[in-house]
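Below is one structure; the comments refer to it alone.
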Amino acid sequence: KLGDYQCNLSAWNFEHRILFDKTDYISQIYNDSIQMLSTLHEFYDIFRLEMKTITDEEHMGDRVLEHITEF
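Sequential numbering of the sequence shown, starting at 1, is according to my numbering.
Rendered as structure tokens:
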């Protein structure tokens, strides 16, 4: 009986599209989200620290971030 069971497993066919389309789509959404959050993190670092250092205006970077956050 075990041999018959193993033969059935090796011949098991399924439609990959049905099983993997949604997971591929969700994976792409997660990858896009990670990329977007990484970009936002870099953006905040630039405007929070580096812009304050370059412009010597403490509040300018904060104002820019407030405007960006509103979007």
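All C-beta atoms in this analysis are idealised placements derived from N, C-alpha and C, irrespective of residue type, glycine included.
Item to check | Reduced DSSP secondary structure (H/G/I, E/B, other) of Lys1 | outcome: As a position in the sequence shown, residue 1 is number 1, starting the count at 1. With a pLDDT of 48 at Lys1, under the threshold of 50, the modelled position of this residue cannot be trusted, and the question is left open.
Checklist entry - Curious, which full-length alpha helix (DSSP H) runs of at least 4 residues does the region 12–51 contain? => result 16–45
Next on the checklist: Using a Cβ-Cβ distance cut-off of 8 Å, determine whether Arg17 contacts chain B.
Outcome noted: Protein chain content of the structure displayed is limited to a single chain, and chain B is not contained in it.
Checklist entry - Is Asp56 helix, strand or coil when you go by DSSP? => result The count along the sequence shown starts at 1 and reaches residue 56 at position 56. It is coil, neither helix nor strand.
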